[in-house]
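Chemist: A single structure is presented below for examination.
Protein chains in written order, with this note's numbering: chain A, 39 to 359; chain B, 32 to 435.
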């Protein structure tokens with residue numbers, strides 16, 4: 039990975055970081071924080087699904103584990119919020135490794151893998167809904183105490199920057215994977231697992247590494263959610279909504295690219311908000327409009343927004359040298 | 032000749048001076064007071080959200096048509112509606128939008144997760160927030176100064192439910208000894224089942240089985256068969272609308288007739304749609320839930336108005352109506368649309384607040400929770416929903432045991 043690879047990331051992040059200096063309305067900042075949280079979850083999905091071709095329908099399992107771990111550590115064990123965040127990411131990664139080990143060892147692929155991840159997320163949801171330690175169905179509340187030491191900020195702008203920093207880290211991680219031998223092995227598995235194996239790629243190990251990283255990044259998003267809204271319940275943490283968001287954003291934005299998840303999350307949610315503006319007082323119209331646009335996007339841009347941009351961009355003359 | 036002559040300047044100047052010098056209330060008349068109404072009108076909770084909106088609109092229309100807020104010179108209330116889309120993120124986003132539009136307070140939320148997130152978002156701006164339904168006890172235990180709940184919390188509702196069940200059974204000569212609990216596996220259901228499992232044996236009931244079901248559930252035959260084989264005196268279901276309707280219908284079809292069906296915080300047992308659509312299945316079903324005060328003429332008038340408009344009546348309507356009335360009362364007493372003053376006035380609400388239509392004792396807030404709030408017991412009798420407990424609000428006698 040060279041400085042050239044990182045330049046687009048640095049420019050994009052720096053420009054985004056300036057947003058709170060110009061936009062001071064919390065409506066917009068709150069919206070952007072939610073977009074960044076979803077984008078981070080989607081970036082996690084993208085490592086496994088976009089690069090590795092292992093489509094998970096249950097990234098909620100990692101999102102929720104991160105969210106619950108940080109909430110439980112803080113409220114039940116008095117762990118500092120920042121340490122809780124790190125441990126939450128670790129817990130999510132561990133959950134990823136375990137689920138990966140169980141399903142990849144059994145040779146589950148394609149739709150079977152997708153179904154198993156979906157089932158894991160559902161099992162986690164039901165357990166979290168019944169267990170004592172997760173507060174059962176009443177959910178968990180993190181005490182409101184707005185101090186930076188508690189990972190709570192009075193200003194939405196600061197939280198925006200923290201979320202952006204994490205998204206930037208995930209961007210760098212993704213770009214690093216893209217440029218590394220690990221990334222090449224992962225793409226080889228995506229394109230043809232048998233061929234990759236024949237070439238000497240340790241497929242189990244590569245896939246396990248991918249799901250662990252993927253789960254860790256998505257768990258970070260769960261931790262952020264918990265710190266931002268200060269409330270988690272089984273439906274929020276392990277509900278299908280986040281699994282869908284996590285896979286929809288990269289697919290719309292461009293799976294298997296560094297910026298795909300971010301662009302996907304931003305355009306999906308911006309679309310939702312714009313649809314809401316036009317819908318006026320009729321409830322649900324915006325969701326219907328949103329659905330139509332989604333169908334159109336998938337029909338006309340199957341490679342996502344980045345793929346569409348690449349296809350329609352006039353070909354430049356190849357640079358000399 | 033100049034475009035603006037001396038006379039024009041004089042005239043305009045005098046008018047401007049008069050406007051500035053005029054008492055504050057004259058100017059206030061022009062500006063309306065914006066109140067945020069947050070309800071989930073899309074998604075899984077859409078039906079409840081619409082009911083809540085109906086209640087809030089009824090109160091706002093009434094206040095505006097009877098001269099607006101008097102202490103603000105007759106200022107009208109302008110509703111800023113937000114769709115919480117049945118999830119906490121959307122609720123928070125709408126609170127931010129309402130804040131940007133300059134509301135003085137927010138009423139609503141309906142579901143506990145939405146209320147928890149939305150009250151916190153509002154707390155950042157010291158924006159007064161009145162929770163309409165959300166029963167989670169966590170809502171008023173966080174020390175948020177802006178948050179008030181007019182209705183009862185989970186602890187009060189369930190405690191009262193067990194209490195009243197015992198009284199009801201004792202009064203009828205203790206016909207019920209055995210119980211089967213049927214509950215949905217989320218907040219209401221599982222929390223309630225746990226409490227019942229602890230409390231009922233202490234009061235002489237034997238729990239034969241506790242059956243959990245998910246929401247949504249599409250088939251209740253197995254649960255009904257299980258109930259039939261256990262043959263309990265009492266079935267205590269706590270489920271959302273569709274699941275309970277399904278259970279009640281399945282029980283009716285399979286001729287399972289316990290001595291009583293005693294629901295708690297049930298989505299259907301005190302819902303007119305259920306009573307209208309399935310009168311036989313609904314007959315004699317009891318519920319411990321929020322309900323309006325049937326002896327209050329104002330409540331009857333509001334209900335008639337909603338009925339005449341062809342809209343559904345459920346507890347969300349009187350609760351939201353009462354919450355908006357509570358807010359209006361606080362603004363009147365604060366004499367200003369200043370948020371801090373409204374919060375102070377809300378906290379100081381006393382028994383003198385009579386504009387609500389709930390069967391509550393004197394209003395008094397401790398940590399934002401109305402101490403006068405409580406649930407009532409209702410029973411479906413003669414295709415209508417009647418209050419059977421407590422006696423001070425009841426408009427009918429309980430029919431228990433239901434079968435000879």
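C-beta: ideal position from N, C-alpha, C; glycine also. Remember, predicted model here, so these are calculated numbers, not experimental data.
Please give me, in chain order, every unbroken run of the alpha helix (DSSP H) with length at least 4 that falls completely inside the region 275–315 of chain B.
Modeler: Listed in chain order, they are 303–308 and 310–313.
Chemist: If we define contact as Cβ-Cβ less than 8 Å, is residue 60 (chain A) a contact residue for chain B?
Modeler: Start at 1 with the first residue of the first chain, and residue 60 (chain A) comes out as number 22. Taking Cβ atoms only, chain B never reaches closer than 8 Å to residue 60 (chain A), which makes this a no.
Chemist: Pairing CB atoms from the region 252–262 of chain B with CB atoms from the region 220–236 of chain B, are three or more of them under 8 Å?
Modeler: These segments do not touch.
Chemist: Going along chain B in order, which residues have a C-beta closer than 7 Å to the C-beta of residue 271 (chain A)?
Modeler: Counted from its first residue, the first chain places residue 271 (chain A) at position 233. Here the neighbours are 144.
Chemist: Strictly under 8 Å for the Cβ-Cβ distance: is residue 104 (chain A) near chain B by that measure?
Modeler: In the first chain, counting from the first residue as 1, residue 104 (chain A) sits at position 66. No, residue 104 (chain A) lies away from the interface with chain B (no Cβ there is under 8 Å from its Cβ).
Chemist: Using a Cβ cut-off of 7 Å, pull out every chain A residue sitting near residue 127 (chain B), in sequence order please.
Modeler: Counted from its first residue, the second chain places residue 127 (chain B) at position 96. Here the neighbours are 64, 65 and 68.
Chemist: Answer with buried or exposed for residue 53 (chain B), where buried requires no fewer than 16 other C-beta atoms within 10 angstroms of its C-beta.
Modeler: Taking the first residue of the second chain as 1, we reach residue 53 (chain B) at position 22. Since pLDDT at residue 53 (chain B) reaches only 44, below the 50 mark, its modelled position is unreliable, and the value read off the structure follows with that caveat. Under this definition residue 53 (chain B) is an exposed residue.
Chemist: Our contact map puts residue 269 (chain A) next to residue 130 (chain A) with C-beta atoms below 8 Å; I'd like the distance itself, whole angstroms only.
Modeler: Residue mapping note: residue 269 (chain A) aligns to position 231 of the first chain, counting from 1. Residue mapping note: residue 130 (chain A) aligns to position 92 of the first chain, counting from 1. About 19 Å; that fails the 8 Å criterion.
Chemist: Report all residues from its chain with a CB closer than 7 Å to the CB of residue 174 (chain A); omit the five preceding and five following residues, and keep chain order.
Modeler: On the first chain, position 136 is the one that residue 174 (chain A) refers to. Contacts found: 167 and 168.
Chemist: Under a CB-based cut-off of 8 Å, is residue 174 (chain A) close to chain B?
Modeler: Here residue 174 (chain A) refers to the residue found at position 136 when the first chain is read from its first residue. Cβ-Cβ to chain B under 8 Å: yes for residue 174 (chain A).
Chemist: Applying the 10 Å Cβ sphere with the 16-neighbour rule, what's the burial state of residue 352 (chain B)?
Modeler: Here residue 352 (chain B) refers to the residue found at position 321 when the second chain is read from its first residue. Under this definition residue 352 (chain B) is a buried residue.
Chemist: What does residue 110 (chain B) pair with, by DSSP beta-bridge criteria?
Modeler: Looking up residue 110 (chain B) in the second chain gives position 79. In the DSSP output, where bridge partners are listed per residue, residue 110 (chain B) has B:66.
Chemist: By DSSP, does residue 387 (chain B) sit in helix, in strand, or in coil?
Modeler: Position 356 of the second chain, counted from the first residue, corresponds to residue 387 (chain B). DSSP places residue 387 (chain B) in coil when its eight states are reduced to three.
Chemist: Does the CB of residue 239 (chain B) have a neighbour CB from chain A at under 8 Å?
Modeler: Mapped onto the second chain, residue 239 (chain B) falls at position 208. So no, residue 239 (chain B) is outside the interface.
Chemist: Suppose the cutoff is 6 Å on Cβ atoms and the five residues either side in sequence are ignored; what does the same chain contact list for residue 295 (chain A) look like?
Modeler: For the purposes of this step, residue 295 (chain A) is taken as the residue at position 257 of the first chain. 344, listed in sequence order.
Chemist: Could you say which of A:181, A:85, A:144 and A:133 lies nearest to residue 115 (chain A) if we only look at CA atoms?
Modeler: In the first chain, the residue the question calls residue 115 (chain A) occupies position 77. The residue with the shortest Cα to Cα distance from residue 115 (chain A) is A:181.
Chemist: Taking all protein chains shown into account, do 16 or more other C-beta atoms lie within 10 angstroms of the C-beta of residue 87 (chain A), making it buried, or fewer, making it exposed?
Modeler: Residue numbering aside, residue 87 (chain A) sits at position 49 when the first chain is read from its first letter. Under this definition residue 87 (chain A) is a buried residue.
Chemist: DSSP beta-bridge partners for residue 242 (chain B)?
Modeler: Reading the second chain from its first residue, position 211 is the one you call residue 242 (chain B). Answer is B:213.
Chemist: Compare the C-beta of residue 72 (chain A) with all C-beta atoms of chain B and state if any pair is closer than 8 Å.
Modeler: Residue 72 (chain A) sits at position 34 when you count from the first residue of the first chain. Yes, residue 72 (chain A) counts as interfacial toward chain B.
Chemist: Residues of chain B with CB closer than 7 Å to the CB of residue 151 (chain A), please, in chain order.
Modeler: Within the first chain, the letter at position 113 stands for residue 151 (chain A). Going along chain B, no residue has its Cβ under 7 Å from residue 151 (chain A), so there is no contact; the nearest lies around 25 Å.
Chemist: Using only the alpha-carbon positions, how far apart do residue 105 (chain A) and residue 81 (chain A) sit?
Modeler: Position 67 of the first chain holds residue 105 (chain A). Position 43 of the first chain holds residue 81 (chain A). The straight-line gap from Cα to Cα measures roughly 17 Å.
Chemist: Listed from N- to C-terminal order along the chain, which residues in the region 153–174 of chain A have their beta-carbon within a distance smaller than 8 Å of any beta-carbon of chain B?
Modeler: Against chain B - using a Cβ distance shorter than 8 Å - the residues of the region 153–174 of chain A are 164, 167, 168 and 174.
Chemist: Is it a yes or a no for the region 277–293 of chain B touching the region 205–216 of chain B, going by three-plus beta-carbon pairs under 8 Å?
Modeler: The region 277–293 of chain B is in contact with the region 205–216 of chain B.
Chemist: Measuring only the C-alpha atoms, how far is residue 432 (chain B) from residue 306 (chain B)?
Modeler: Here residue 432 (chain B) corresponds to residue number 401 of the second chain, with the count starting at 1. Here residue 306 (chain B) corresponds to residue number 275 of the second chain, with the count starting at 1. The straight-line gap from Cα to Cα measures roughly 20 Å.
Chemist: Contact check, residue 495 (chain B) vs residue 157 (chain B) under 8 Å by CB: the rounded distance?
Modeler: Nothing can be reported for residue 495 (chain B), as the shown portion of chain B is limited to 32 through 435.
Chemist: Going along chain A, which residues have a C-beta under 8 Å from residue 120 (chain B)?
Modeler: Taking the first residue of the second chain as position 1, residue 120 (chain B) is located at position 89. Chain A residues near residue 120 (chain B): 72 and 267.
Chemist: From this set, A:288, A:340, A:313 and A:252, which residue's C-alpha is nearest residue 298 (chain A)'s C-alpha?
Modeler: Stepping through the first chain from its first residue, residue 298 (chain A) is reached at position 260. Closest option to residue 298 (chain A), Cα to Cα, is A:288.
Chemist: Give a yes or no on whether 8 Å exceeds the smallest Cβ distance from residue 177 (chain A) to chain B.
Modeler: Stepping through the first chain from its first residue, residue 177 (chain A) is reached at position 139. By this cut-off, residue 177 (chain A) is an interface position.
Chemist: I want to verify the contact list: residues of chain B whose CB lies under 9 Å from the CB of residue 325 (chain A), in sequence order.
Modeler: Numbered from 1 along the first chain, position 287 holds the residue referred to as residue 325 (chain A). Those within 9 Å of residue 325 (chain A) in chain B are 73, 74 and 116.
Chemist: Measuring CB atoms only, is the region 68–84 of chain B touching the region 100–118 of chain B, in the sense that at least three cross pairs come out at less than 8 Å?
Modeler: Output reads yes: the region 100–118 of chain B touches the region 68–84 of chain B.
Chemist: Taking only beta carbons into account, state which residues of the region 134–168 of chain B come closer than 9 Å to chain A, listed in chain order.
Modeler: Of all residues in the region 134–168 of chain B, 143, 144, 147, 148, 151, 152, 154, 155, 156, 167 and 168 have a Cβ within less than 9 Å of some Cβ in chain A.
Chemist: Since residue 222 (chain B) meets chain A, which of its residues come closer than 8 Å, beta carbon to beta carbon?
Modeler: For the purposes of this step, residue 222 (chain B) is identified with residue 191 of the second chain, where counting begins at 1. Result: 174, 175 and 176.
Chemist: Check each candidate in B:424, B:368 and B:420 and name the one with the smallest Cα separation from residue 199 (chain B).
Modeler: On the second chain, position 168 is the one that residue 199 (chain B) refers to. Closest by alpha carbon: B:420.
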